Structure formats: C-alpha cells, structure tokens
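Numbering (this note's numbering), first residue to last: 1018 to 1271.
Where is the CB? At the ideal position from N, CA and C, for every residue including glycine.
Just so you know, these numbers come straight off a predicted model, no measurement behind them.
Structure first, then comments.
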Amino acid sequence: MKIHEFDNGVKVYDYHLLAIQRERYKRRNVHEEDEEDVFLSIVKKLPPGALYVNVGSAIGYYPLLARRLRADLRIHCFEPLPRHLRYFRENIVLNGFAEHDFTIHKTAVSSATGTARFKDSSYASALSLNVSNKPSKRNLIKNWIGLIFGKDSASSFLKVATVRLSEISGLTQSSKIDFLQMDIQGFEEPVLNAYFSTSVEQRCMVSHFLVGTHGLSIHRKCRSYFENSGFKIQHDEQDTQHQPDGILYAALAI
1018 MKIHEFDNGV
1028 KVYDYHLLAI
1038 QRERYKRRNV
1048 HEEDEEDVFL
1058 SIVKKLPPGA
1068 LYVNVGSAIG
1078 YYPLLARRLR
1088 ADLRIHCFEP
1098 LPRHLRYFRE
1108 NIVLNGFAEH
1118 DFTIHKTAVS
1128 SATGTARFKD
1138 SSYASALSLN
1148 VSNKPSKRNL
1158 IKNWIGLIFG
1168 KDSASSFLKV
1178 ATVRLSEISG
1188 LTQSSKIDFL
1198 QMDIQGFEEP
1208 VLNAYFSTSV
1218 EQRCMVSHFL
1228 VGTHGLSIHR
1238 KCRSYFENSG
1248 FKIQHDEQDT
1258 QHQPDGILYA
1268 ALAI
C-alpha cells in the first residue's frame, strides 16, 4: 500500500490524503507549511512530561509529530469521525507506535456537553453551526473543494458525543493542559466563547493555545477572547499564504 512520508519523518497512508493536499505537499512536504514552524517551537519548549491536547486530530498528523519529537509528552486526542479514527490508528502502527502511546477520545469538543449533529465532509467535517456562527465564504469554498477531491461524493450527518472545553479535565485526568491545539472547521469561536465564559475556578487551565481559524470575523473574536483573558498573542496570522486556515497562538501571561 502506498505511503506518503513527510520531511519530518511522519508517515501516513496515501489513500488517506486528498489530491489538493498532495499538490500542496509538493511545495513543502509538511501538512501545513505556515503552522508547522509555530507548532515545532511550542512543542520543543514544553516542560518534561507536559500534557498536549489535540482537538480535531483527523488522521493524526500533529499527535504523531509530537510523539516523534517528545517521547515524554502525555498526548490526548479528540476526534469524533469514525473514518478518521480508523486512519489515525492505522498511522499509529505505520509510524512504529502503539495505541497506548496516545489517549484517543471519540468525542467532539464543543460549546456544550452532551450530543450534537456532526457533518461528515472528509477533512472539512465539523459540528453543525447555527446561523450566528456560519463559516466564512473562504471556508465554504474550502469545504466544497474538500468534497470534490475527497473520498465521499456527498456529506452526511451523524450524532456524536460532545464535551465542553472547560470540562475536558474529566477525560484528560488533569486540571492543567500545557498545550492545546485546535482545528475544528469554524466551531472554534463558540468553543472558546463557552470556555472563557466559565469562571476560572471551574475550568481546566490551558497555558498555550494554537488555534486554526476559519474566517476574519472568527479570527478576530477568538483573538479578543485571549486578549481579554490574560493571554499574550505570540503569533497572529489570519491570511496565511500556504494553507487555508488562519493561525492564532496565545500563551498565558505569567
């Protein structure tokens, strides 16, 4: 079976990828050219035994890269789409790891704990958005492209378990998260809104956030949540040159 190996050593099965992704990798052979260097800089400076939480893990690229870089990290992954969970587990074995090297949660991080409708659209899969949180025109185009080049001819909906970001300590078994990375296709604003609306005493503490944003309005709102909650913006790039998502990196000011 054909394998794609990135320049950082991470391997995935080629059939997991979209044609548009393969074309992008010809320019620089990493998953997201703009975000890769930011991610590496964060992971390398985490303290020994740090807790890294990846929300929207898809086929496992960033968790696998983190494990390659830091064997000491505790890695928790949140991915509700069954197909991507299967691909992720295949890639764990492909990269020489065992599933117990990661803690995988078949749960979507959302603005409320319970269940929700989840749209299966390959890499554009996401929780259903209400009217006030529609994705940007740019992200709708991205979703359309994903459907054209993806494996499915049409999207479908499934019901998934959800958990509020402020409450994931019950799953991670830790009230402190050293690094949380999130790419959830336009739902990042309501998730962060709900998180920062919860009192400090009642939510898990996150030291570093790396968030993929989907549209200017969402990007600005997410940035304001960080700025109004004691975080310092370390990287702010809404209009990325080489990937479809914006990037926000915020670190808790000590």
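Exercise for review: Check whether the Cβ atoms of glutamine 1260 and glutamate 1096 sit closer than 8 Å, and answer yes or no.
Suggested key: no
Check your understanding: Which runs of the beta strand (DSSP E), 3 residues or longer, sit entirely within the stretch 1178-1243?
Key -> 1196-1199, 1225-1230
Review point. Out of curiosity, what's the CA-to-CA distance linking asparagine 1210 and asparagine 1112?
Key: 36 Å
Check your understanding: Closest to phenylalanine 1196 by CA distance: which of Phe1056, Tyr1140, Arg1181 is it?
Key -> Phe1056
Point to revise | Integer-rounded CB distance, given that leucine 1068 should sit under 8 Å from serine 1191 | key: 5 Å
Check your understanding: Apart from the five residues on each side of it in sequence, which residues of its chain come closer than 6 Å, Cβ to Cβ, to alanine 1267?
Key -> Phe1226, Phe1243, Phe1248, Ile1250
Check your understanding: What does DSSP give as the partner residues of glutamate 1050 in its beta bridges?
Key -> DSSP lists no partner for glutamate 1050.
Exercise for review: Write down the C-beta distance between valine 1208 and serine 1127 rounded to the nearest angstrom, noting that I regard them as a contact closer than 8 Å.
Suggested key: 6 Å
Check your understanding: To the nearest angstrom, how far is it from the Cα of serine 1183 to the Cα of aspartate 1024?
Key -> 35 Å
Practice item. Indicate the three-state DSSP secondary structure (helix, strand or coil) for serine 1145 in the structure shown. Key: coil
Exercise for review: Could you check what DSSP says for leucine 1096 in three-state terms: helix, strand or coil?
Suggested key: According to the sequence as given, residue 1096 is glutamate; it is not leucine. Three-state result, glutamate 1096: coil.
Check your understanding: What does DSSP give as the partner residues of lysine 1071 in its beta bridges?
Key -> Sequence check: residue 1071 is asparagine here, not lysine. Paired residue(s): Cys1094, Gln1198.
Exercise for review: May I ask which residues mark the beginning and end of the beta strand (DSSP E) holding alanine 1036?
Suggested key: No beta strand (DSSP E) holds alanine 1036; the alpha helix (DSSP H) holding it covers 1036-1042.
Check your understanding: Looking at the structure shown, is valine 1027 part of a helix, part of a strand, or coil, going by DSSP?
Key -> coil
Exercise for review: If I'm right that aspartate 1137 touches leucine 1175 with Cβ under 8 Å, what's the distance once you round it to whole angstroms?
Suggested key: 6 Å
Check your understanding: Going by the CB atoms, is the gap between threonine 1124 and threonine 1179 shorter than 8 Å?
Key -> yes
Practice item. Would you identify the three-state DSSP class for leucine 1157, choosing helix, strand or coil? Key: Reliability fails at leucine 1157, whose pLDDT of 46 lies under 50, so the model's placement of it is uncertain and the value that follows must be treated cautiously. Helix at leucine 1157.
Review point. Exposed or buried, which one is arginine 1044 when buried takes at least 16 other CB atoms within 10 Å?
Key: exposed
Review point. What is the C-beta distance between cysteine 1094 and threonine 1130, in whole angstroms, given that I count them as a contact (C-beta under 8 Å)?
Key: Actually they do not touch by this definition, with Cβ atoms about 18 Å apart.
Review point. Per DSSP, what kind of secondary structure is cysteine 1061 in: helix, strand or coil?
Key: Correcting the residue identity first, residue 1061 is lysine in this sequence and not cysteine. Of the three classes helix, strand and coil, the one that applies to lysine 1061 here is helix, per DSSP.
Review point. On the three-state DSSP scale, how would you describe alanine 1115?
Key: coil
Review point. Three-state secondary structure (DSSP) at isoleucine 1109?
Key: helix
Check your understanding: Taking the Cβ atom as the reference point for each residue, do tyrosine 1030 and alanine 1075 lie within a distance shorter than 8 Å?
Key -> no
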